[in-house]
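Trainee: All residue numbers for the sequence shown refer to this note's numbering, where the first residue is 206 and numbers rise by one.
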Amino acid sequence: MRAVRISRPGGPEVLVEADLPDPVPAHGEVLIDVAAAGVNRADLHQREGGYPPPPGAPDWPGLEVSGVISALGDGVTDVAVGDRVCALLPGGGYAESAIASVGQLLPVPETIDLVDAAALPEAISTVWSNVFMTAALRAGETLLVHGGSSGIGTMAIQLARAFGCEVAVTAGTAAKLEACGRLGAGILIDYHEQDFVAELLKATDGRGADVILDAIGGDYLDRNIQSLARHGRIVLIGNQSKAPGALNVGRLMAKWGSVHGSALRARPLAEKNEIIASVLANAWPLVASGQVVPVVDERFPLAEARRAHERLESSTHIGKLLLVP
Numbered sequence: 206m207r208a209v210r211i212s213r214p215g216g217p218e219v220l221v222e223a224d225l226p227d228p229v230p231a232h233g234e235v236l237i238d239v240a241a242a243g244v245n246r247a248d249l250h251q252r253e254g255g256y257p258p259p260p261g262a263p264d265w266p267g268l269e270v271s272g273v274i275s276a277l278g279d280g281v282t283d284v285a286v287g288d289r290v291c292a293l294l295p296g297g298g299y300a301e302s303a304i305a306s307v308g309q310l311l312p313v314p315e316t317i318d319l320v321d322a323a324a325l326p327e328a329i330s331t332v333w334s335n336v337f338m339t340a341a342l343r344a345g346e347t348l349l350v351h352g353g354s355s356g357i358g359t360m361a362i363q364l365a366r367a368f369g370c371e372v373a374v375t376a377g378t379a380a381k382l383e384a385c386g387r388l389g390a391g392i393l394i395d396y397h398e399q400d401f402v403a404e405l406l407k408a409t410d411g412r413g414a415d416v417i418l419d420a421i422g423g424d425y426l427d428r429n430i431q432s433l434a435r436h437g438r439i440v441l442i443g444n445q446s447k448a449p450g451a452l453n454v455g456r457l458m459a460k461w462g463s464v465h466g467s468a469l470r471a472r473p474l475a476e477k478n479e480i481i482a483s484v485l486a487n488a489w490p491l492v493a494s495g496q497v498v499p500v501v502d503e504r505f506p507l508a509e510a511r512r513a514h515e516r517l518e519s520s521t522h523i524g525k526l527l528l529v530p
């Protein structure tokens, strides 16, 4: 099979095409003929040498795919060859074929384009596990999403609105904010031109956000605490700023607030299976009904993975970027 490997740590130029042996599913696994693979910031970190795959995972990148099941490992009975699926992976998605654990599969409804479905697994699992399972966002509460036009952000807006929540977002251009507004975000903050703390407090009559989803990190931490409603919850899913954040403990205590850090890829398989099961029961019906949709900015041929990484690094996209074998 064709795949894209990382020849050495570095920039997009280190991504190279390679011919690899066709993978064979083991017990509890399936083989997927890949229709598309999602491109995520974790892939950039892996390419740079800072985010190695978990033990036993393929060393080529790719944390989510969509496609058709082409072979079953021993003990797999709940799915069949020919099923349309998308899946979370510990790695190996940048290829024509990929191995997935059966507990990490999501069925692709006929209403969803199979290629676009590759935009769903990582985003919906990240948002559901952090915003709803960990932070327990409830109807009537306010969610603040930093980077609202990202793949994670566009998913968070849709899920929060579907569950009856108000959504505030930060983004860096008018076009990105307009896209967030079309998805249902009601409080739109340009972080280049506006102080998100002041704008959020003004828009919520001084109350603030009940839950904040933050992939920026750094000095956003203290400003997030200032933005919290009482008993508010901050979930940190990244540190794109690459800067340490200072925690003002007194300010957090005064809000009765909490801060939770999270990463999805490194979780034990059993924990990820629990997340997928919860997604299937609670969020996936919204996908099947069309209330939550994949937001795809651009599809790239697998051979142009370098260009996809360059586009992701530029942060000019809205939604997800996909690689198509």
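Glycine included, C-beta positions come from ideal geometry on N, C-alpha and C.
#1: Write down the C-beta distance between residue 302 and residue 406 rounded to the nearest angstrom, noting that I regard them as a contact closer than 8 Å.
#2: Checking 8 Å against the spacing of the C-beta atoms, do residue 328 and residue 356 come in under that value?
#3: What first and last residue would you give for the beta strand (DSSP E) that runs through residue 275?
#4: For residue 214, which of 255, 228 and 397 has the nearest alpha-carbon?
#5: Rounded to a whole number of angstroms, what is the C-alpha to C-alpha distance between residue 281 and residue 381?
#6: Which residues in the same chain have their Cβ closer than 6 Å to the Cβ of residue 240, if we skip the five residues on either side of it in sequence?
#7: Where does residue 319 sit, in a helix, a strand or coil, going by DSSP?
#8: For residue 306, is the classification buried or exposed, using 16 other Cβ atoms within 10 angstroms of its Cβ as the cut-off for buried?
#9: Quick test of your reading: residue 434 and residue 470, contact by CB under 8 Å. State the CB separation rounded to the nearest angstrom.
#10: If you run the structure through DSSP and keep just helix, strand and coil, what is residue 262?
#11: Mapping the DSSP letters down to three states, classify residue 362 as helix, strand or coil.
#12: Over what stretch of residues does the beta strand (DSSP E) that includes residue 302 continue unbroken?
#13: Roughly how many whole angstroms lie between the Cα atoms of residue 231 and residue 376?
#14: Mapping the DSSP letters down to three states, classify residue 223 as helix, strand or coil.
#15: Following the continuous alpha helix (DSSP H) through residue 414, name the residue where it begins and the one where it ends.
#16: Compute the beta-carbon to beta-carbon distance between residue 445 and residue 421, rounded to the nearest angstrom, for a pair I have assumed lies under 8 Å.
#17: Checking contacts by CB at 8 Å: is residue 251 closer than that to chain C?
#18: Which stretch, first to last residue, makes up the beta strand (DSSP E) that contains residue 437?
#19: Can you list, in chain order, the stretches of the beta strand (DSSP E) that have 3 or more residues and sit fully within the region 452-518?
#20: Pick out the complete alpha helix (DSSP H) segments inside the region 324-364, 4 residues or longer, and give them in chain order.
#21: Provide the residue span of the alpha helix (DSSP H) that contains residue 403, from first to last.
#22: Can you give the beta carbon distance from residue 442 to residue 432, rounded, assuming they're within the 8 Å contact cut?
Mentor: Inspection of the coordinates gives the following:
#1: Position 97 of the sequence shown holds residue 302. Position 201 of the sequence shown holds residue 406. The pair is not a contact, with the Cβ atoms about 50 Å apart (cut-off 8 Å).
#2: Indexing the sequence shown from 1 puts residue 328 at position 123. Indexing the sequence shown from 1 puts residue 356 at position 151. The answer is yes: Cβ separation under 8 Å.
#3: Here residue 275 refers to the residue found at position 70 when the sequence shown is read from its first residue. It spans 269-277 - the beta strand (DSSP E) in which residue 275 sits, taken as one unbroken run.
#4: Here residue 214 refers to the residue found at position 9 when the sequence shown is read from its first residue. Ranking the options by Cα distance to residue 214, first place goes to 255.
#5: As a working note, residue 281 is residue 76 in the sequence shown. As a working note, residue 381 is residue 176 in the sequence shown. Roughly 42 Å separates the two Cα atoms.
#6: For the purposes of this step, residue 240 is taken as the residue at position 35 of the sequence shown. Result list for residue 240: 271, 272, 319 and 320, in chain order.
#7: The count along the sequence shown starts at 1 and reaches residue 319 at position 114. Reduced to three states, the DSSP call for residue 319 is coil.
#8: Taking the first residue of the sequence shown as 1, we reach residue 306 at position 101. Around the CB of residue 306, 16 or more other CB atoms lie within 10 Å, so the residue is classed as buried.
#9: Locating residue 434 in the sequence shown gives position 229, where the first residue counts as 1. Locating residue 470 in the sequence shown gives position 265, where the first residue counts as 1. Beta-carbon to beta-carbon, residue 434 and residue 470 are separated by about 31 Å, too far to satisfy the 8 Å threshold.
#10: Taking the first residue of the sequence shown as position 1, residue 262 is located at position 57. Three-state DSSP puts residue 262 in coil, outside helix and strand.
#11: Counting from 1 along the sequence shown, the entry for residue 362 is found at position 157. Here residue 362 sits in helix by DSSP.
#12: Looking up residue 302 in the sequence shown gives position 97. Where residue 302 is concerned, the enclosing beta strand (DSSP E) stretches over 302-306.
#13: Counting from 1 along the sequence shown, the entry for residue 231 is found at position 26. Counting from 1 along the sequence shown, the entry for residue 376 is found at position 171. Using only the alpha carbons, I get a separation of about 43 Å.
#14: Translated into positions along the sequence shown, residue 223 becomes position 18. In the displayed model, residue 223 falls within a strand according to three-state DSSP.
#15: Within the sequence shown, the letter at position 209 stands for residue 414. Per DSSP, residue 414 belongs to no alpha helix (DSSP H); it is in the beta strand (DSSP E), 414-419.
#16: Translated into the one-based positions of the sequence shown, residue 445 becomes position 240. Translated into the one-based positions of the sequence shown, residue 421 becomes position 216. Here residue 445 really is in contact with residue 421; their C-beta atoms are around 5 Å apart, less than 8 Å.
#17: Checking the listed chains, one finds no chain C in this structure; it contains a single protein chain.
#18: One-based indexing of the sequence shown puts residue 437 at position 232. 433-441 is the span of the beta strand (DSSP E), which, as asked, contains residue 437.
#19: The qualifying runs are 463-466 and 501-506.
#20: Complete alpha helix (DSSP H) runs here, min 4: 326-332.
#21: If you number the sequence shown from 1, residue 403 lands on position 198. Element bounds for residue 403: 401-408.
#22: As a position in the sequence shown, residue 442 is number 237, starting the count at 1. As a position in the sequence shown, residue 432 is number 227, starting the count at 1. Rounded, the Cβ-Cβ distance is 17 Å, inconsistent with contact.
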